[in-house]
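Each residue of the sequence shown is one higher than the one before, counting from 26 in this note's numbering.
Positions of the beta carbon are idealized from the N, C-alpha and C atoms, including for glycine.
The structure appears right after this line, and notes come after that.
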Amino acid sequence: MAFRDVLNIEVAAGNGGDGSMSFHRAKYMEKGGPDGGHGGKGGDIILRAIEGVESLERLVGRRKFKAENGAYGEGRLRQGSDGLDVYIEVPVGTTAFDEDSGKVIADLVKVGQEKVIARGGPGGRGNSTFTSSTRQAPRFAELGVPGQKRRVRLELRLIADVGLVGYPNAGKSSLLAATSRANPMIADYPFTTLSPILGVVTRDNQDERFTMADIPGIIEGASEGKGLGLEFLRHISRTRLLVYVLDVTRDPVGELRALQAELTAYDPTLLENVALVALNKVELVEADLATMVEDELATLGLPVLKVSAKEGLGLDELRETIFQMMPDRELWAQRNALEIEPNIVVEAPLTVVFREDPPARGVGIVTTGQNERVWEVHGGGFEERIVRFSRYLEDASEYLGGVFKRQGLYNALKRAGAREGDTVEIGPHRFEYFDEEEGRS
Ligand SMILES: Nc1nc2c(ncn2[C@@H]2O[C@H](COP(=O)(O)OP(=O)(O)OP(=O)(O)O)[C@@H](O)[C@H]2O)c(=O)[nH]1
Ligand SMILES: [Mg+2]
């Protein structure tokens, strides 16, 4: 299966279970108290980062994910069980975007890191919850909330410290193989490397290490889709240091310029990275020529190191220079951290909007010609709250009225000019407005 570093998936968290409307029943007891239990919470969809460079497609395995719903509450105060969460395993370095808003919803940079990308709905409360001194037998319960549904784009960008960039055949994979224990394929034809490979480079007898990413070669015109294109540059966009690998026997200065131009076309900030040049295959040319090229390259402003991946020349110096030039990890991470959208629903503020309802029309419907005065209620969590009782609206109306009053709905309507007898529309439901101070018989 081809290496995939971008993948679109659909996720649906579990719905919350409905609370139960139930009354205790026992022999010799006339009227039992309310004993409806709560519904369970719906399962979450969770991304989890695991080690290794793997194709997103192979790891994720499929495109649609649904977490389990919470179970209904039951009589005898039995609570419904929570729905099971679904874990989606992705390689470290995976970023998740909400396809619709484009916002980053998760950025997994460490092995084991987890992030909920779709929240299961909370369960509804059972009728036993709603008893009060004046309401001893509530004939209503709360419904569960639907789970969050999302279209998510996953993007894999390797988390490597160093990125190797160069033309095909420059010797990137050979350098990775010569400095680490990675075992990339090496051959004398272009585009040998077709997917990113990671290696770990260590300092002798020490714990210090860095990871180095080998990616497919870049050629001039890559930004217009030539060669394997620029998509693999994604994998060096998070490295702390870039190594341009140039073949001394070709046109190193021209190739460096072309590489930088392609990188800029992809993402101009890439050129702000700390970088150096590994001038490779130096054993193939006279020492004088290599030094000449080195001096010429140095005028472009980057440190240059002469190496031969094949003969093992200059590799210790290259490794040491990388260790010395490497920007501090913490500082770098702070500077490059993505802004992650908090996965919470922000409640819109309460607004009431006046609307003259058009008279009803249609076959067999007699219109009075008199428009109803209607107030639409938006925000403040009112629409969300009312649908949680829509199955029991009549029985719950007195309870809801109390809640709405405490939350300032009637005040807001009154201030806006609502009159006794007006209709109040909240989501799919309608009520008659009455003015408390004018009293109600
Ligand atoms: N003589 C000589 N040949 C080298 C050296 N380094 C690499 N090569 C050869 O150059 C060819 C290409 O090497 P790779 O390491 O596959 O090059 P690459 O940059 O990874 O190439 P792509 O994956 O195609 O982009 C192979 O035949 C290597 O053996 C070197 O220092 N000296
Ligand atoms: Mg290669």
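**OP:** Pair every Cβ in the region 266-286 with every Cβ in the region 185-198, then say whether three or more of these pairs are closer than 8 Å.
**Re:** Three or more beta-carbon pairs separated by less than 8 Å link the region 266-286 to the region 185-198, which places the two stretches in contact.
Original post:
With C-beta atoms as the reference, is T236 less than 8 Å away from L223?
Top reply: Within the sequence shown, the letter at position 211 stands for residue 236. Within the sequence shown, the letter at position 198 stands for residue 223. Yes, the Cβ-Cβ distance between T236 and L223 is below 8 Å.
Subject >> Neighbourhood of G389 by C-beta distance below 8 Å, restricted to the same chain and skipping five residues each side >> reply: On the sequence shown, position 364 is the one that residue 389 refers to. With a pLDDT of 44 at G389, under the threshold of 50, the modelled position of this residue cannot be trusted; read the value that follows with caution. Hits under 8 Å: none found.
Subject >> Per-residue DSSP class, three states only, for G452 >> reply: Within the sequence shown, numbered from 1, the residue matching residue 452 stands at position 427. Of the three classes helix, strand and coil, the one that applies to G452 here is coil, per DSSP.
Subject >> Beta-carbon proximity check, L330 vs L343, cutoff 8 Å >> reply: On the sequence shown, residue 330 is found 305 positions in, with the first residue counted as 1. On the sequence shown, residue 343 is found 318 positions in, with the first residue counted as 1. Going by C-beta atoms, L330 is nearer than 8 Å to L343.
Original post:
Looking only at its own chain, which residues have a Cβ that is under 6 Å from the Cβ of G58, when we skip the five neighbours before and after it?
Top reply: As a position in the sequence shown, residue 58 is number 33, starting the count at 1. Excluding positions up to five away in sequence, the list reads H49.
**OP:** State whether the region 419-429 contacts the region 160-172, with contact taken as three or more CB pairs (one from each stretch) at a distance under 8 Å.
**Re:** Yes: the two stretches touch, three or more of their Cβ pairs being nearer than 8 Å.
Original post:
Just to check, is the beta-carbon of A212 closer than 7 Å to a non-hydrogen atom of ligand 1?
Top reply: In the sequence shown, residue 212 corresponds to position 187, counting from 1. It does: the Cβ of A212 is within 7 Å (strictly closer) of some heavy atom of ligand 1.
Original post:
If you compare alpha carbons, which of N94, K174, V412, I244 is closest to G67?
Top reply: Taking the sequence shown and counting its residues from 1, one reaches residue 67 at position 42. Considering only alpha carbons, the answer is N94.
Original post:
Would you report the Cα separation of A96 and F155, rounded to the nearest angstrom?
Top reply: As a position in the sequence shown, residue 96 is number 71, starting the count at 1. As a position in the sequence shown, residue 155 is number 130, starting the count at 1. Distance from the CA atom of A96 to the CA atom of F155, rounded to whole angstroms, is 20 Å.
**OP:** Flag this pair as yes or no: are the beta carbons of E5 and V377 separated by less than 8 Å?
**Re:** Residue 5 is absent from the model: the chain starts at 26 and stops at 466.
Subject >> Close-in-space but distant-in-sequence residues of the same chain around D292 (CB under 8 Å, 5 per side omitted) >> reply: As a working mapping, residue 292 is identified with position 267 in the sequence shown. These residues qualify, in order along the chain: L258, S262.
Original post:
Cβ-heavy atom distance between D272 and ligand 3 below 7 Å?
Top reply: Ligand 3 is not among the ligands present in this structure, which contains only ligand 1 and ligand 2.
**OP:** Using 7 Å as the cut-off, classify the Cβ of P147 as near or not near the heavy atoms of ligand 2, replying yes or no.
**Re:** The residue you call residue 147 lines up with position 122 of the sequence shown. It does not: the Cβ of P147 is nowhere closer than 7 Å to a heavy atom of ligand 2.
Original post:
What is the rounded straight-line gap between the Cα of V129 and the Cα of A247?
Top reply: What you label residue 129 is simply residue 104 of the sequence shown in a count that begins at 1. What you label residue 247 is simply residue 222 of the sequence shown in a count that begins at 1. V129 and A247: Cα-Cα distance of roughly 27 Å.
Original post:
Any heavy atom of ligand 1 closer than 7 Å to the CB of N194?
Top reply: As a first step, residue 194 is located in the sequence shown; it is residue number 169 there, counting from the start. Checking the Cβ of N194 against ligand 1 gives yes.
Original post:
Helix or strand or just coil, what does DSSP make of L284?
Top reply: Taking the first residue of the sequence shown as 1, we reach residue 284 at position 259. Note: L284 maps to helix in three-state DSSP.
**OP:** Report yes if the CB atom of L288 is closer than 8 Å to the CB atom of T120, and no otherwise.
**Re:** In the sequence shown, counting from the first residue as 1, residue 288 sits at position 263. In the sequence shown, counting from the first residue as 1, residue 120 sits at position 95. Inclusion of L288 and T120 in the CB contact set at 8 Å is not warranted, their separation being larger than that value.
**OP:** Kindly examine ligand 1 and report whether one of its heavy atoms sits closer than 7 Å to the Cβ of T324.
**Re:** Looking up residue 324 in the sequence shown gives position 299. Not so, every heavy atom of ligand 1 lies at least 7 Å from the Cβ.
Original post:
Does at least one heavy atom of ligand 1 sit under 7 Å from the Cβ of G191?
Top reply: Here residue 191 corresponds to residue number 166 of the sequence shown, with the count starting at 1. Correct: G191 has its Cβ closer than 7 Å to ligand 1.
Subject >> Start-to-end residues for the beta strand (DSSP E) that takes in F407 >> reply: As a working note, residue 407 is residue 382 in the sequence shown. Where F407 is concerned, there is no enclosing beta strand (DSSP E), although the alpha helix (DSSP H) it sits in stretches over 407-412.
**OP:** Could you give the DSSP three-state label for G427: helix, strand or coil?
**Re:** Taking the sequence shown and counting its residues from 1, one reaches residue 427 at position 402. Looking at G427 - three-state DSSP - the assignment turns out to be helix.
Original post:
Does the separation of the CB atoms of L84 and P116 fall below 8 Å?
Top reply: Start at 1 with the first residue of the sequence shown, and residue 84 comes out as number 59. Start at 1 with the first residue of the sequence shown, and residue 116 comes out as number 91. Taking 8 Å as the Cβ cut-off, L84 and P116 qualify as a contacting pair.
Subject >> Per-residue DSSP class, three states only, for I142 >> reply: If you number the sequence shown from 1, residue 142 lands on position 117. In this structure, I142 counts as strand in the three-state DSSP scheme.
**OP:** Excluding the 5 residues preceding and the 5 following T448 in the sequence, name in chain order all residues of the same chain whose CB lies nearer than 6 Å to its CB.
**Re:** To locate residue 448, count along the sequence shown from 1; it is residue 423. Same-chain partners within the cutoff: E397, V399, R455.
Original post:
Buried or exposed: which applies to D60, given that a residue is buried once 16 or more other Cβ atoms fall within 10 Å of its Cβ?
Top reply: Taking the first residue of the sequence shown as position 1, residue 60 is located at position 35. Buried.
Original post:
Is there at least one non-hydrogen atom of ligand 1 closer than 7 Å to the beta-carbon of E308?
Top reply: For this step, residue 308 is matched to residue 283 along the sequence shown. The answer is yes for E308.
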